[in-house]
Every structure is written in structure tokens, then in C-alpha cells.
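*Asks:* If you scroll down you'll find the structure; I have some questions about it.
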Amino acid sequence: MTATIATTDALAVEDLSISYGGGTPVVSGVDLRVGPGEILGVIGESGCGKSSIGFAVLGLLPSTARVEAARLDVGSRPMGDADEEDWNEVRGRVASMVFQEPMSALNPCMRVGAQIAEVLLVHGLADKKAAHARALELLRLVQVPEPELRARQFPHQMSGGMRQRIVIAMALAANPQLLVADEPTTALDVTVQAQILDLLDQMRRTTGAGVLLISHDLGVIAQTCDRVVVMYAGEIVEEGEPAAVLANPSHPYTAALVASIPTTTTAAREDLPMIAGGVRDSDRATAGCRFAARCAFATDACAAPQPLVQVAPDHTARCWRSTELSLTTRTEVTA
Amino acid sequence: MTLTDLDLTPRPEQAAEPLMTLNGIRQEFPASGGRTVHALDGVTLEVQRGETLGIVGESGCGKSTLARAALLLRKPTAGEIRFDGADALAMRGGRLRAHRQRAQMVFQDPNDSLDPRYKVLRSVMEPLLAAGVPRREAKERALAALEAVGAPDGAAGRFPHEFSGGQRQRIAIARAIATEPELVVLDEPTSALDVSIQAQILNLLLELQESKQLTYMFISHNLAVIRHLSHRVAVMYLGRIVEVGPAAQVLADPLHPYTAALLSAVPDPDAGRRERIILQGDPPSPTQRATGCAFASRCWLATEKCRTEAPPLVHSDVAADSHGGHLVACHRPGEGQEALRLGLRPASSTTV
């Protein structure tokens, strides 16, 4: 495969907001940058807006969604004012998607080799013969054993991990600059998850594609990403390198999220710290900190708008108290 | 594997009779082309009173089939189940109904156990009414159960769709504990929940276990959750138990290479990038019953002996405490973890 290492950003988003039917925005003021070959993790709980971002950067939101951005560059294409025709040209070619559930991303009635080749045929990038040869090459690239045999098979003849490899091969077919992977391993077993994360890591190195990896799993993010943004109620609350963000969180939400997960170092059979309450619609509408109502450290000053403040080089948090708080994430086991 | 493979000599610390004993449970299903799926291939386990026994394994390993067998929801093809000393598989009619009050289940998706057209009270009362409890008393006990799980005020008169996923799971737990069971089988009870909600449910389960002296059989693919809740852990692969023992021992010093690989595959937010064992391929089909060790086809330590001779589940000399009930079914116990510790890279490992 002839990889061209891109020099432009895979994704550059400024001040992205998404709303439905004139309601409270589900995503607001989001800035994202994914460099070539970089993996940017987006983490958060249900309803934080992470999947909406993934759909928005591929123009996949329903027509009822209102997407506004000061800048929305996908690869080298400015897509801020793009119509459906522009998106059709970009999707699969400049940017593509790896979904959570490989079975629903694949056509059950079509041989997988033909499905991969279809990407190239639709975009007019190859004739039938060349597309088929490229499909085999892609199956080899994503380490599918016996590619000639597998290309003639249907999705139901494959395991979940093998199907996700097929989906990744399809996503990579046209050499895109950006891969959006929305919970790509959530439906897979942990030993197969390890294989797929390993594959994504190799692919971004060999193809130079940037990856926007959306996940609720802090472990997946820690292990795979170069940088991570933490989303809460539609906005970014913290951003930085995973090691810094997850080991030394500077936003109380990140700290509480990390603390609530049992890991190999939490004390077994002891209560886990919980985050009280839930996200209310009014939290998304507030001008101040959206986490304040659930935050153990909130003061009156949290009602004021909170900008992202720098807490360390390449580490920002949307909390005015982030530099004065010393946030602990867990009760260590005393050996 | 048969009963004789397992050393059942009572240990002093576990001399009390187990709440439930599964002996050589086999569960076979017919598959297409005249083949047979061996979902459970001779499982022998004890569940001690008041403990949490964690069952961990990947999809298709038989852990949910084991849960259903343990709750007598499906009669196993072969094997014996003793519950509180009695032969559970011989129970019929009224005895079986009485038994069902003593062993309950919580499913992964609370929507599976709550009828969307029933108000919550009716769903929680149902197992009590099925057991012949008079309506008035059933209502009282159902309300008490809802209170015990911290369901919101007025929950009883509302419908499941009015609640969040976490609240629905609380209600499903209320339904399981309403009959005051001794054993609760929990099949991935937090897998469908957000992590901050997961913490609430795990805390609730710990609290209920203490206040109601429940015995849990906790099934999950999530090793961190298993470790958090379990006293003992059983690791399943392709219908067999490959390792069982005290949670601290099994998860810190695994003796079976599959356990070691499973542990190393779990992305841990604390560890970040590190050396991992990445297994090649998928687990083989349960229609092909392995003559030797079920894991041999993916094991980097496998020898000819592993492929031809099934290792029995026994105490291992290399266990940290060979009398602590740490059993392993492996011809080369401890070598997988040892290689990782020494920084040796098994043929199938990679660093990412």
C-alpha cells in the first residue's frame, strides 16, 4: 500500500455547537484538533455529546440537527457550509467511520470483498478489477488471515473481531485523512478488543490517518490515545495527555469519573466514590459551570462562565479552582 | 473433566457446607449439521454461603449458560446440583417453586426483567405472588424491597420507562431480593450502565449483601468489576473452568496463561501503555470439543501434551498458597505470568 503521510490536520474544529429543533444545544463551544497520525480520545458518559460530535464531523446528523461552527475542516476540506453533495464526496474518501456494532455496519447480503471494493467504485477511484485487488490488499493490511477466502465470505460467516477488521478495511479503502471510531471495541471481547486497538494503532502509523476515538472506557482511552478531551453536558471540561488527565485530573468531574471506576489498584469490596445526581437539561443552559450542581467543590463563583484554563503545558481544565484544588482520584490499597 | 478430577477434601476454613455445589455440569445444544455445542463441558464449582463468587470469561465461554443452569432455568445434559444439601435437579412442583424463592437472578438489561406495561409494584410483587405469598403481604414486601434498594419515592406506582437505566436496575434488584433469597445470580448487572452509575449499583450490591447476608454468583466480562466484588473468582474458557481461587490470588498471580492474557488485555487507566499479551485469533467454536486443553489453540506455551491431554483442575505446586483453594487446569501453570514478570515477550505479545 502506498501511504501518503498527510501534513495537514486530519480534523480542525472551532466553536462547534449542535442543537435540535431550537432546543438547548447538546454540544457547545467545542474546539478539536486531530493531527495526522494522531489519536484524539473523546470520553464522557451517555448524553455528554461525544457521539453527536462524531456524527457532525462526518455530516451524518439528521436534518433536524443544527450544526454551527466557526471552523469545520475535515482533512483539507472546509465543510462549514457543506451540502449533502459535498459530504458525499468527503465521506469514505477524506473521512470515514468505524461503528460500534460491525454487524449493522456491514451489508449482510454482500460478500465482504465486494463491500470493500464498493467504496472505491462509488468514489470512482478504481475500476472493478483494481478495486478487487485493492480489497485483498486491505484485508492483508488489517491482518485478516486467508484474504482470498475471506473476501468471498459473508459477514455472518465471521466472528465479531473479524467483522470489525472488515469495517476498518472499508474505512481505510480510500486512504482517508480522518477515521472516526465511535466505541469501536465496545461490542467485542476484551482479548479481541486488544487486537483491534492494536490494529488501529498500527493503521494510523502506516496510513498517517488521524483518529477521533470516541469511548466511555477510560482504560481504552488511556491505552490508545495521544491526547484526550473529557466531555460533560455538551462541553469540553478537560483536555491533555491521557497520562496527565487521568492520573492528575484538574477538573472535579474528571476526578470523580476516574474515582468511580474499580481498577487494579482500588480497594476491593469497599464503597466506590459516586457522583451524586445526574445531568439535567438546565445544566446545559447555564452560563456557569455545568457540573456545579453535582460538584463537591462548588462555590458561588462557579455560576460565572468558566473558560478552559491552562493547568500545565498541554493540559487545560474548565474550572477556575483547578489550580488550587488537590483532587484525589482513588483510595489506594495499602499493601 | 469429572468429579474425581477435583480435590473435594474439605479445608478447615471452608468446613461449613457450601450453599450450592455444581458437579460435572454438562450442557449440550444441538447445532446445525448434526453438530453439538458443548456450552458447559463438565463444570464443578462450590458456592460458599455469604461469598461473592465471580465468574469471568469472554462471550461464548458458557458463563451465562452456567448461571441459567445454577438457577434451574434449564436442565443440564449431565451433572448434579446440590442446593443447601438437597438434590436441586430432582425438585418438582411445590418444592421447586419454594426453591425458586431462595435463588434469584438479576439480568444485564433491566428491561428484560421489567414488563414495560406493568407498573413497578406489579413487577416487584410478581415473584412473591408466584411463590404463593398473599397479595397484601406481597405488596408490603415489594415496597420494602424497593425501599431497600433506594428506589425513588413513589416508584411503585410508575412505569419502567419513567426511570433512568440505573434506577431501572435498582428496581430489577428489588425484584430479585423481594423473595428474600439466599443466592442471587447477577449476570453482567452493570454492563449496560455508565461508569458513575455502575459505582452506585456496585455499592448497593455490597450493602445489600451485608445487610441481607446474600450469596452472590457474579458473572461479568469486566475483570475490574469482578475483582472489586468477589471473594473468589472462577475463570471460564470454552465451557470449562480453567482457574478458580481467592480473587486476590487469581487476579494478582494468575496460574493459567489464559487468565494472564485476559488480565493483560484489560486496558487499565492507571497503567496507560504497557506490555500486553495479545492473543491471536478467536476462541474456537464450542462445537469442536477439544481433546486436550481448550485453550491450547491460542496458547503460546502449548506443547503436544496440551493438545492431546486435558489438564485436570487441581491444586498447583506453584500457587502462592497451595492450600488456599487456588486450582488451575494447566500443564504449565504459572509460566505465562512468570514470562510477563521477567519482561520476556511471549511470541504473541506486543507493546502498544
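So the protein lines, in turn, are chains Y and G.
First residue of the first sequence: 10, per this note's numbering; consecutive thereafter.
First residue of the second sequence: 6, per this note's numbering; consecutive thereafter.
Ideal Cβ placement from N, Cα and C applies to all residues, glycine included.
What are the residues in the region 208 to 231 of chain G lying within 7 Å of chain Y by C-beta distance?
*Replies:* For the region 208 to 231 of chain G, which is checked against every Cβ of chain Y, the residues closer than 7 Å are Asn-208, Leu-211, His-226, Ala-229, Val-230.
*Asks:* What is the residue span of the beta strand (DSSP E) that Thr-325 (chain Y) lies within?
*Replies:* Position 316 of the first sequence, counted from the first residue, corresponds to residue 325 (chain Y). From DSSP, the beta strand (DSSP E) with Thr-325 (chain Y) extends over 324 to 326.
*Asks:* Is the CB of Asp-198 (chain Y) under 8 Å away from at least one CB in chain G?
*Replies:* The residue given as residue 198 (chain Y) occupies position 189 in the first sequence. Yes, because at least one Cβ of chain G sits closer than 8 Å to the Cβ of Asp-198 (chain Y).
*Asks:* Would you report the Cα separation of Asp-226 (chain Y) and Val-239 (chain Y), rounded to the nearest angstrom?
*Replies:* Against the first sequence, residue 226 (chain Y) aligns to sequence position 217. Against the first sequence, residue 239 (chain Y) aligns to sequence position 230. One C-alpha to the other measures close to 12 Å.
*Asks:* Would Glu-248 (chain G) pass as an interface residue toward chain Y - the criterion being a Cβ-Cβ separation below 8 Å?
*Replies:* Locating residue 248 (chain G) in the second sequence gives position 243, where the first residue counts as 1. So no, Glu-248 (chain G) is outside the interface.
*Asks:* For my contact list, Arg-327 (chain Y) and Ile-245 (chain Y) are in at a C-beta cut-off of 8 Å; report their separation, rounded to the angstrom.
*Replies:* Mapped onto the first sequence, residue 327 (chain Y) falls at position 318. Mapped onto the first sequence, residue 245 (chain Y) falls at position 236. Confirmed, about 7 Å.
*Asks:* Kindly give me the distance between the Cβ atoms of Val-131 (chain Y) and Gly-101 (chain Y), rounded to whole angstroms, as I take these residues to be in contact under 8 Å.
*Replies:* On the first sequence, residue 131 (chain Y) is found 122 positions in, with the first residue counted as 1. On the first sequence, residue 101 (chain Y) is found 92 positions in, with the first residue counted as 1. About 7 Å; that satisfies the 8 Å criterion.
*Asks:* Buried or exposed: where does Glu-368 (chain G) fall if 16 or more other Cβ atoms within 10 Å of its Cβ makes it buried?
*Replies:* There is no way to answer for residue 368 (chain G), as the model of chain G reaches only from 6 to 357.
*Asks:* Is the number of C-beta pairs between the region 70 to 86 of chain Y and the region 282 to 292 of chain Y that are closer than 8 Å three or more?
*Replies:* Output reads no: the region 282 to 292 of chain Y does not touch the region 70 to 86 of chain Y.
*Asks:* Give the DSSP bridge partners of Glu-33 (chain G), in chain order.
*Replies:* Here the question's residue 33 (chain G) lines up with position 28 in the second sequence. G:His-43.
*Asks:* Can you confirm whether Ser-113 (chain Y), when its beta carbon is compared against all beta carbons of chain G, has any partner nearer than 8 Å?
*Replies:* Here residue 113 (chain Y) refers to the residue found at position 104 of the first sequence. No - not a single Cβ of chain G is within 8 Å of the one on Ser-113 (chain Y).
*Asks:* Can you tell me which of the three DSSP states Gln-109 (chain G) falls into?
*Replies:* Here residue 109 (chain G) is taken as the residue at index 104 of the second sequence, counted from 1. Reduced to three states, the DSSP call for Gln-109 (chain G) is strand.
*Asks:* On a CA-only basis, which of Y:Leu-147, Y:Cys-118, Y:Pro-156, Y:Arg-174 is nearest Pro-111 (chain Y)? Give me that one, please.
*Replies:* For the purposes of this step, residue 111 (chain Y) is identified with residue 102 of the first sequence, where counting begins at 1. Ranking the options by Cα distance to Pro-111 (chain Y), first place goes to Y:Arg-174.
*Asks:* At what residues does the beta strand (DSSP E) containing Leu-188 (chain Y) begin and finish?
*Replies:* In the first sequence, the residue the question calls residue 188 (chain Y) occupies position 179. Where Leu-188 (chain Y) is concerned, the enclosing beta strand (DSSP E) stretches over 187 to 191.
*Asks:* Helix, strand or coil: which one does DSSP assign to Ala-136 (chain G)?
*Replies:* Locating residue 136 (chain G) in the second sequence gives position 131, counting from the first residue. Here Ala-136 (chain G) sits in coil by DSSP.
*Asks:* Mind checking whether the beta-carbon of Ala-75 (chain G) lies closer than 7 Å to any heavy atom of the ligand GDP?
*Replies:* With respect to the ligand GDP, the structure shown offers nothing to examine, as it has no ligands at all.
*Asks:* In or out: Pro-154 (chain Y) buried (at least 16 other Cβ within 10 Å) or exposed?
*Replies:* Residue numbering aside, residue 154 (chain Y) sits at position 145 when the first sequence is read from its first letter. Burial call: exposed.
*Asks:* Does the region 135 to 144 of chain Y come into contact with the region 82 to 96 of chain Y, if we say contact requires no fewer than three beta-carbon pairs (one atom in each stretch) closer than 8 Å?
*Replies:* Contact fails: fewer than three Cβ-Cβ distances are below 8 Å.
*Asks:* Tell me which residues of the region 48 to 74 of chain Y have at least one Cβ-Cβ distance to chain G shorter than 7 Å, keeping chain order.
*Replies:* Cβ contacts with chain G: Glu-54, Ser-55.
*Asks:* In chain C, what lies closer than 9 Å to Ser-169 (chain G) by C-beta?
*Replies:* In summary, chain C is missing from the structure at hand, where the protein chains are Y and G.
*Asks:* Note down, in chain order, all residues in the region 62 to 88 of chain G with a beta-carbon under 7 Å from any beta-carbon belonging to chain Y.
*Replies:* Correct list: Glu-63, Ser-64.
*Asks:* Near Ser-235 (chain G), what residues of its chain come up, given a Cβ to Cβ distance below 7 Å and the 5 sequence neighbours on each side ignored?
*Replies:* As a working mapping, residue 235 (chain G) is identified with position 230 in the second sequence. Counting only Cβ-Cβ distances below 7 Å, and skipping sequence neighbours, we find Thr-57, Leu-58, Gly-59, Phe-223, Ala-252.
*Asks:* Might you give, ordered along the chain, the residues of its own chain that have their beta carbon closer than 8 Å to the beta carbon of Arg-213 (chain Y), omitting 5 neighbours on each side?
*Replies:* As a first step, residue 213 (chain Y) must be located in the first sequence, where it is residue number 204. Here the set comprises Gly-46, Glu-47, Ile-48, Leu-188, Gly-219, Val-220.
*Asks:* Since Arg-281 (chain G) meets chain Y, which of its residues come closer than 9 Å, beta carbon to beta carbon?
*Replies:* Locating residue 281 (chain G) in the second sequence gives position 276, where the first residue counts as 1. Result: Ala-203, Asp-207, Gln-232.
*Asks:* Tell me whether Tyr-241 (chain Y) sits in a helix, a strand or coil according to DSSP, three-state version.
*Replies:* Counting from one through the first sequence, the residue named residue 241 (chain Y) turns up at place 232. Tyr-241 (chain Y) falls in the strand class under three-state DSSP.
*Asks:* With C-beta atoms as the reference, is Arg-79 (chain G) less than 8 Å away from Arg-87 (chain G)?
*Replies:* Position 74 of the second sequence, counted from the first residue, corresponds to residue 79 (chain G). Position 82 of the second sequence, counted from the first residue, corresponds to residue 87 (chain G). No; because the gap between Cβ atoms is not below 8 Å, this pair is not in contact.
*Asks:* Look up His-104 (chain G) in the DSSP assignment and say whether it is helix, strand or coil.
*Replies:* If you number the second sequence from 1, residue 104 (chain G) lands on position 99. The answer is helix: DSSP assigns His-104 (chain G) an H, G or I state.
*Asks:* The alpha helix (DSSP H) spanning Gln-202 (chain Y) covers which residue range?
*Replies:* For the purposes of this step, residue 202 (chain Y) is identified with residue 193 of the first sequence, where counting begins at 1. Element bounds for Gln-202 (chain Y): 199 to 216.
*Asks:* According to a CB-to-CB cut-off of less than 9 Å, which residues of the region 245 to 270 of chain Y neighbour chain G?
*Replies:* Cβ contacts with chain G come from Pro-251, Ala-252, Leu-255, Ala-256, Ala-265, Leu-266, Val-267, Ala-268, Ser-269, Ile-270.
*Asks:* Once the 5 residues before and after Pro-258 (chain Y) are set aside, which same chain residues still bring their CB inside 7 Å of it?
*Replies:* On the first sequence, position 249 is the one that residue 258 (chain Y) refers to. The residues are Glu-247, Ala-264, Val-267, Leu-336, Thr-338.
*Asks:* Mind listing the chain Y neighbours of Val-200 (chain G)? Cutoff is C-beta to C-beta under 8 Å, in chain order.
*Replies:* Along the second sequence, one-based indexing puts residue 200 (chain G) at 195. Going along chain Y in sequence order, the residues near Val-200 (chain G) (Cβ under 8 Å) are Glu-54, His-225, Leu-227, Leu-266, Ser-269, Ile-270.
*Asks:* Does the region 27 to 37 of chain G touch the region 181 to 198 of chain G, meaning 3 or more C-beta pairs lie closer than 8 Å?
*Replies:* No, they do not touch.
*Asks:* So who's on the other strand from Asn-28 (chain G), going by DSSP bridges?
*Replies:* Position 23 of the second sequence, counted from the start, is the residue given in the question as residue 28 (chain G). Bridge partners of Asn-28 (chain G): G:Glu-85.
*Asks:* Going by DSSP, what residues sit across from Thr-220 (chain G) in a beta bridge?
*Replies:* Reading the second sequence from its first residue, position 215 is the one you call residue 220 (chain G). Looking at the DSSP assignment, Thr-220 (chain G) forms a beta bridge with G:Leu-188.
*Asks:* At 3 residues or longer, and completely inside the region 56 to 94 of chain Y: list those beta strand (DSSP E) runs for me, N to C.
*Replies:* Those beta strand (DSSP E) runs which fall completely within the region 56 to 94 of chain Y and span 3+ residues are 74 to 77, 80 to 83.
*Asks:* For the beta strand (DSSP E) containing Thr-57 (chain G), name the first residue and the last one.
*Replies:* Indexing the second sequence from 1 puts residue 57 (chain G) at position 52. From DSSP, the beta strand (DSSP E) with Thr-57 (chain G) extends over 57 to 61.
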